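With the UniProt record's numbering, the residue at position 4 of the sequence shown is 4, and numbering never jumps.
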Amino acid sequence: MRPGVSAAALRALLRRVADEHGLDLDHAVVATLDRRTSEPGLLQAVAPRTPRGYPAEQLAAVVVPTPSDRVAAATGTPAVAEAAALLAAGPGAVLVVPKTAASGATVAVARLARATRVARAMRMARLAVGMAPSGAAPDPSSDTAPG
């Protein structure tokens, strides 16, 4: 998400994606680019969960259906939301909602390939949400500038 995106905007996007796809994202794992995990809007939107952060290099290694040169120029990886969702969901994860953008943020959802017996018993999250900047405006505090 872009710096300064509000918790309300993020919650609205998550609600929209959940409603459109019949998903319960209340307990989903949330992941994004490592330098975005401390964004106040994100922290407020997903509380009490703590977002997982992945470095651009790790996100760039994930094969996604909709990579973007513009996102790569701004963040150092051709995909953030889809790649973060897949990484957070673990090996064999399946993308169930491709990137969806609104209000300065992008969301994608991946499903764990197989929930463990412990996860099922504890009713742990079986979904992971990846969040990213919408429009991939460069972060002025970032070392990565659009090329």
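Positions of the beta carbon are idealized from the N, C-alpha and C atoms, including for glycine.
This structure is a prediction, so every number in the text was calculated from the model and none was measured.
**Message:** Suppose the cutoff is 7 Å on Cβ atoms and the five residues either side in sequence are ignored; what does the same chain contact list for alanine 8 look like?
**Reply:** In the sequence shown, counting from the first residue as 1, residue 8 sits at position 8. Nothing meets the Cβ criterion.
**Message:** Within the continuous beta strand (DSSP E) that includes alanine 98, where are the two ends?
**Reply:** As a first step, residue 98 is located in the sequence shown; it is residue number 98 there, counting from the start. In the sequence under discussion, the amino acid at residue 98 is proline, which differs from the alanine named in the question. 94-102 is the extent of the beta strand (DSSP E) around proline 98.
**Asked** Leaving out five residues before and five after alanine 56 in sequence, what residues of the same chain have Cβ atoms less than 7 Å from its Cβ?
**Response** The count along the sequence shown starts at 1 and reaches residue 56 at position 56. Hits under 7 Å: Leu33, Thr75, Gly76, Thr77.
**Prompt:** Which term fits proline 51, buried or exposed, when burial requires 16 or more other beta carbons within 10 angstroms of its beta carbon?
**Reply:** For the purposes of this step, residue 51 is identified with residue 51 of the sequence shown, where counting begins at 1. It counts as buried.
**Prompt:** Alpha carbon to alpha carbon, what distance is there between leucine 23 and arginine 11?
**Reply:** As a first step, residue 11 must be located in the sequence shown, where it is residue number 11. As a first step, residue 23 must be located in the sequence shown, where it is residue number 23. It is roughly 14 Å from the alpha-carbon of arginine 11 to the alpha-carbon of leucine 23.
**Request:** Go ahead and pull the three-state DSSP assignment for leucine 33.
**Result:** As a working mapping, residue 33 is identified with position 33 in the sequence shown. Under the three-state reduction of DSSP output, leucine 33 falls in the strand class.
**Item:** Under 8 Å between C-beta atoms of alanine 110 and alanine 89
**Value:** As a working note, residue 110 is residue 110 in the sequence shown. As a working note, residue 89 is residue 89 in the sequence shown. Less than 8 Å separates the beta-carbon of alanine 110 from that of alanine 89.
**Request:** With distances taken Cα to Cα, identify the nearest neighbour of threonine 66 among Ser6, Ala101, Gly4.
**Result:** Indexing the sequence shown from 1 puts residue 66 at position 66. Looking at the Cα atoms, Ala101 is the closest of the given residues.
**Request:** Using alpha carbons as the reference points, say which of Ala28, Arg2, Ser6 lies closest to arginine 49.
**Result:** On the sequence shown, residue 49 is found 49 positions in, with the first residue counted as 1. It is Ala28 whose Cα lies nearest to the Cα of arginine 49.
**Request:** Kindly indicate which residue of Met131, Ser103, Ala85 has the alpha-carbon position closest to the one of leucine 112.
**Result:** Numbered from 1 along the sequence shown, position 112 holds the residue referred to as residue 112. Among Met131, Ser103, Ala85, the Cα nearest to that of leucine 112 belongs to Ala85.
**Item:** Straight-line Cα distance separating valine 5 from serine 103
**Value:** As a position in the sequence shown, residue 103 is number 103, starting the count at 1. As a position in the sequence shown, residue 5 is number 5, starting the count at 1. Rounded to whole angstroms, serine 103 to valine 5 spans 8 Å at the Cα level.
**Asked** Ordered along the chain, which non-local residues of its own chain (more than five positions away) have a Cβ less than 6 Å from that of glutamine 44?
**Response** In the sequence shown, residue 44 corresponds to position 44, counting from 1. Closer than 6 Å at Cβ, skipping near neighbours: Ala7.
**Message:** Could you give the first and the last residue of the continuous alpha helix (DSSP H) run that contains threonine 75?
**Reply:** On the sequence shown, position 75 is the one that residue 75 refers to. Counting along the chain, the alpha helix (DSSP H) containing threonine 75 begins and ends at 69-75.
**Request:** Identify every residue that forms a DSSP beta bridge with glycine 53.
**Result:** In the sequence shown, residue 53 corresponds to position 53, counting from 1. Bridge partners of glycine 53: Thr32.
**Asked** With C-beta atoms as the reference, is valine 62 less than 8 Å away from leucine 95?
**Response** As a first step, residue 62 must be located in the sequence shown, where it is residue number 62. As a first step, residue 95 must be located in the sequence shown, where it is residue number 95. Valine 62 is not a Cβ neighbour of leucine 95, given a cutoff of 8 Å.
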